[in-house]
Structure formats: C-alpha cells, structure tokens
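Order-wise, the sequence lines are chains A and B.
Each step along the first sequence adds one to the number in the UniProt record's numbering, with nothing skipped, and position 36 is 36.
Each step along the second sequence adds one to the number in the UniProt record's numbering, with nothing skipped, and position 117 is 117.
Ideal Cβ placement from N, Cα and C applies to all residues, glycine included.
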Amino acid sequence: MSVMDELKAQIARRLPDLDLVIGWGRGYDALHRTPVFLKDAKELDQLVFDPLCVHNLATYLTRFGKGKRVGVVVKGCDSRSVVQLLQEKLISREHVTIFGLPCEGVADLGRVNRALASRGLVMGKAREAAFTAQGLELAFKGRSETLPLAEVMAAKCGRCAYHDAVLFDEFAGQPVGRKDPDNHDDLAAFEALTLEERMEFWREQMERCTRCYACRNACPLCVCRDQCIGQSREPGWVSQRSGLEEKFFFQMIHATHLAGRCTECGECERACPVDIPLMLLKRKLGKEIVELFNYRAGTDVESRPPLLAFKVEEDTINERGW
Amino acid sequence: MEKELRIVGFLCNWCSYGGADTAGVGRFIQPTDLRIIRMPCSGRLDPLFVLKTLTGGADGVLVSGCHPRDCHYAEGNYYARRRLEVLKRFLPVIGIDPGRFEYTWVSASEGQRWQHVVTEFTAQVHALGPIQRIGKQAQARACSFATSGLFARVED
Ligand code: SF4
Ligand code: SF4
Ligand code: SF4
C-alpha cells in the first residue's frame, strides 16, 4: 500500500471521532499545495502528500475553540511544532490526533521560481509538476524542464535530523531514520561578519519589510494572535511609523518570544513576501540555546522549555565574568 | 572622564536599588552616566526593555537584581538570569556589541560593590563609544529625500 493510501485509510478510521483533520490538497496552480480541512470521509480524495506540501499545518492547531478534536498531518519538522505546543500546554494531547509521515524533503518555491526564471520560464505557467528520481519535472506549453533536486529543495531539509514524525498516533509509510543533528554550520559566513557589517546587513534586509506580519501569522508558536504586542498600542512597543527601527523591532519581538521555543521550521521565512532571511535570527538564537541549555525545541514532550525553567546553580552561565 | 554617555540601569526594588542608595548615602564617588529605573524584581524585566533601550539610542544598559537565593519573590532572578544570558548572546546577531549590556547582582548592603559595578560598566561603555543606531542611515536618506526638491515641487 502506498503512503497515501495508508494515510487515507488511517484518517478514514479516525475521522468519525474527530471534528476535522487538517492535511494538504491541490492549490491554485501545478506547484502550489494548500491546507485542506476535512470533515467527511468523502473529502479524502482531496488529500495530497508530496514535496510541494510545504506548509506546517501545526500552525492551525491553536485556532480552534477549546474542546475541538482535531487531526493533523505532519512531516518530521512539523511534528516538532506539535510537540512544542504540547510541552507548553497550548494544546492538549487528548484533543489532537497526529498523523505522522516520513519525509525526504520539501521544495523551496522561491528557489524553484529563481531556477525557472534563469531558464526564461515563469513558475505560474507550469501545467504539471512531478517529483521523480531525476528531480522536479515540469511541463510547460510546448516544453518540459527538469530541475535537479539539489537546486530546488528547501535549505532546512538538507540539515534535517528529524525526517520522521517524532510523535504520532498513526504513522504511514516507512521511517527514513535519524540523521546527524543540525550543527548550525551554515551560520559561519554570518558569524564571520563584524558587528557593523551585521547591522548594515539588517538595514538592507529590513528596509524591504512591509510589516504584513505574515511571518508571525505563519508561525505555529506565535499564539497571541489579536493580542500581539507588535500591534497593540497599549503598551506601544512598535509605533505606526514605518521606519527601520519599527520593522526591526518587530523582528526582535518575534525572535525573543520564540527563544527556546522556535523549532526552526522555517515558516516565517517562507511566508515572507519580500524574502527577508528571518531564519538567520532564529537559527543563531537556536544555536545559542543549544550551547547554553543543550535543548532543541519540540523534540521531547516531557522536557521543559529552558526559559520556563532554571537551575539554582547554572552550569553554563558565568554571570559575573565581566 | 570624557563626555557623558547615556546608560540606563534597571534595578530591582529590593536589593540593587537599595544598594545604589547605600552607595549614595555613603557618598561613594560614581560616574554620572547611569539613569536608574526601579523595577519590582529582575524577573519583571522583559528582555525587550533592554532591546528597546539600546535600539532607541542608549549606549549601554545595566540590569541588577538580588543575588541568587536572595530574591524577594524567591525565584524571579533565576528566570531573569536565563533570559538575560540569552539576550546577551542575541545582541551580536543584530550588530550590537554585547559589552553594552551587563547584568549582575548587588544587595542592599553592598554600597561598595555598587560603586565598583557602576564604575566598571561605565568605563566599559565608554571604551565602546556612542552606539550606532539601525535607523540612522534611513533617517539620513529621508532627510536628503526631503531636501531634494521633490517636496517643493509637490507643494507648487
Ligand atoms: S525539514 Fe525534514 S521533515 Fe521537514 S520538510 Fe524538510 S526533510 Fe521533511
Ligand atoms: S519563528 Fe519561524 S522557524 Fe521558528 S517556529 Fe516560528 S515560523 Fe517556525
Ligand atoms: S513577512 Fe516579511 S515583510 Fe511581512 S512583516 Fe514579516 S519580515 Fe516583514
């Protein structure tokens, strides 16, 4: 039985006890998938799972009223968001049913777009898209194109250590297995910059920010929603003025509120319409958290996020060494 | 010392604010760059206070609370310690020298220690000089835009 058939059978079996199941379905063109909210077994044929299923559906789990029984389909990385939500008691285990999948990686549509543009093609004009051993095969009117996987896969997948859902009620398909844990070595180039160069780097990047808050809305752990302090006027952390300081300060709010909680799923950066490399902030912070507390968010339901805990004698903090 | 810089100190009500007071009553000579904001507890200190202060133009920020085990609320400073350490490591990511921010513990009786902390931290911030602001260039650009004659034409 294929992974898809297994998944559908599992959902069909569980659906009568659930209010809805969140999965991926076809989107508005050949390259886009979209979240689908299934309430009836008749809708199961809408389901899709392939490397174009980029969304982290765990983002939706905190959006339903209390007591709703929700099923969610997750890749390895997405399952870490679910675990983190459970750790923080933002969702309860009885109310969520996890359909775990193994995953070899997803596409980065920004990269696909650039790869096609360099070949004189427009992404939106693709009529069909399929992943094969050769790569992403695309059919255009009167022409086909194959993009090698290395050219189109998301950067996070190259360093992924959790290809299989880390927590699940049902698991479809064969596990991919664990890989070496991410050592954040992609940050070396950024870390080699001087402080002035870093500030200049962010100046250039943040200038483009439109303050659309898509980065926040896509984030599974950003749960304050309408109470977000980035938008409240009382207290007024960020003014209505659209200067660099306001835009950048919003990212500081996001980064600090996600410290020790961010699973580095990459949704914030993926959602950003102007390609601001937000993961740099999050990953650098993530690296510090690993060094300080030996903690990777969303990997263990039983553990406590480090900033919600303390040790009377901290092993790694030298608070008077200045 | 040269021209004063702007340094903001967030002090907990129960220990460090008292310690600074003790230093004052004892007439211990201190540099005058520090402006003190009194907090109920170092645990009340949102790391965003520090980020807002630094990105808003302060040249340095000092946080001081009760010594571990002495917190008036038993554990506020333990949580603060983790947050503040993470914050200190975050500053270089955004291009701010981590030496512009320090946190420490001073009790109400430690007037002498307060004097030492303020003197040392002020010297450290002076060694780094005035802070560079992220919005500075944007402001400069906006000014040149405003004076480029474009607005004059709009008004015509
Ligand atoms: S990070 Fe891992 S689990 Fe997530 S999409 Fe990439 S390969 Fe799959
Ligand atoms: S901050 Fe970004 S990478 Fe981190 S959990 Fe949120 S969306 Fe994912
Ligand atoms: S998604 Fe991008 S443009 Fe929108 S607020 Fe976030 S950083 Fe700014």
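Reduced DSSP secondary structure (H/G/I, E/B, other) of residue i
i, result
"B:Glu75", "coil"
"B:Arg35", "strand"
"A:Leu138", "strand"
"B:Val8", "strand"
"A:Leu292", "helix"
"A:Met100", "Note that residue 100 of chain A is Gly in the sequence shown, not Met. Here A:Gly100 sits in strand by DSSP."
"A:Glu302", "coil"
"A:Asp164", "strand"
"A:Ala129", "strand"
"B:Gly149", "Interpretation of B:Gly149 is limited by its pLDDT of 40, a score under 50 that renders its predicted location unreliable; the figure taken from the coordinates is listed afterwards. Coil at B:Gly149, not helix or strand."
"B:Arg81", "helix"
"B:Trp14", "coil"
"B:Gly60", "strand"
"B:Val118", "helix"
"B:Cys143", "Low local confidence applies: a pLDDT of 46 at B:Cys143 is under 50, so the model's placement there is unreliable, and no value is given."
"A:Phe171", "strand"
"B:Gly19", "helix"
"A:Gly23", "strand"
"A:Thr263", "coil"
"A:Leu285", "helix"
"A:Val70", "strand"
"B:Glu102", "strand"
Chain A contact for residue i (CB, 9 Å cutoff)
i, result
"B:Pro31", "no"
"B:Val154", "Residue placement at B:Val154 cannot be trusted, given a pLDDT of 37 that sits under 50; what the coordinates show is reported in the next sentence. No, its Cβ sits nowhere closer than 9 Å to a Cβ of chain A."
"B:Ile96", "yes"
"B:Trp105", "yes"
"B:Ile7", "no"
"B:Leu11", "no"
"B:Pro68", "yes"
"B:Leu34", "no"
"B:Gly130", "Sequence inspection shows Pro at residue 130 of chain B; the Gly mentioned does not correspond to that position. For B:Pro130, the answer is no, since every Cβ of chain A falls outside 9 Å of its Cβ."
"B:Lys3", "no"
"B:Gln124", "yes"
"B:Leu45", "no"
C-beta neighbour in chain B for residue i, strict 9 Å
i, result
"A:Phe310", "yes"
"A:Pro306", "yes"
"A:Arg198", "yes"
"A:Ile253", "yes"
"A:Val121", "In the sequence as displayed, the identity of residue 121 of chain A is Leu instead of Val. False, the Cβ-Cβ gap to chain B never drops below 9 Å."
"A:Trp322", "yes"
"A:Leu221", "no"
"A:Leu244", "yes"
"A:Trp237", "yes"
"A:Arg203", "yes"
"A:Thr256", "yes"
"A:Ile289", "yes"
"A:Glu319", "yes"
"A:Met1", "no"
"A:Leu278", "no"
Same chain, Cβ closer than 8 Å to residue i, neighbours up to 5 away in sequence not counted
i, result
"A:Arg151", "Correcting the residue type first, residue 151 of chain A is Glu in the shown sequence and not Arg. Excluding sequence neighbours, A:Glu151 sits near Arg111, Ala115, Gly135."
"A:Thr299", "Arg80, Val83, Tyr162, Val166"
"A:Ala12", "Ala41, Leu44"
"A:Leu258", "Cys219, Leu221, Cys222, Lys282, Leu285"
Residues near residue i in its chain [Cβ-Cβ closer than 7 Å; skip 5 each side]
i, result
"A:Val223", "Thr62, Leu90"
"A:Glu6", "Ala172, Gly173"
"A:Ala255", "Leu281, Lys282, Leu285"
"A:Phe248", "Trp202, Met206"
"B:Leu45", "Phe10, Met39, Val63, Ala80"
"A:Ile289", "Ala259, Gly260, Tyr295, Pro306"
"A:Glu246", "Val238, Ser239"
"B:Gln115", "Ala23, Phe28, Gln30"
"A:Glu191", "none"
"A:Arg208", "Val274, Ile276"
Residues near residue i in its chain [Cβ-Cβ closer than 6 Å; skip 5 each side]
i, result
"B:Cys15", "Cys66, Ser107, Ala108"
"A:Glu137", "Ala130, Thr146"
"A:Gln46", "Gly25, Val36"
"A:Glu170", "Gln10, Phe99"
"B:Arg6", "Ala58, Asp59"
"A:Lys287", "His184"
Distance between beta carbons of residue j and residue i, contact taken as under 8 Å
i, j, result
"B:Arg81", "A:Ile317", "6 Å"
"A:Pro305", "A:Gln87", "6 Å"
"A:Gly230", "A:Trp237", "7 Å"
"A:Phe99", "A:Gln240", "About 42 Å; that fails the 8 Å criterion."
"A:Cys215", "A:Cys272", "5 Å"
Proximity test, Cβ basis, 9 Å: residue i and chain C
i, result
"B:Pro40", "Considering every chain present, this structure includes no chain C. Its protein chains are A and B."
Cβ-heavy atom distance, residue i to ligand 4, below 8 Å
i, result
"A:Arg208", "In terms of ligand content, the structure shown lacks ligand 4 and carries ligand 1, ligand 2 and ligand 3 instead."
Near ligand 1, which residues have their beta-carbon less than 7 Å from any of its heavy atoms, given in chain order?
Those satisfying the condition are, in chain order, A:Lys75, A:Gly76, A:Cys77, A:Asp78, A:Cys103, A:Glu104, A:Gly105, A:Val106, A:Ala154, A:Lys156, A:Cys157, A:Cys160, A:Tyr162, A:His163.
Give me every residue whose Cβ sits closer than 6 Å to any heavy atom of ligand 2, in chain order.
A:Ala218, A:Cys219, A:Pro220, A:Leu221, A:Leu258, A:Cys262, A:Thr263, A:Glu264, A:Cys265, A:Gly266, A:Glu267, A:Cys268, A:Lys282
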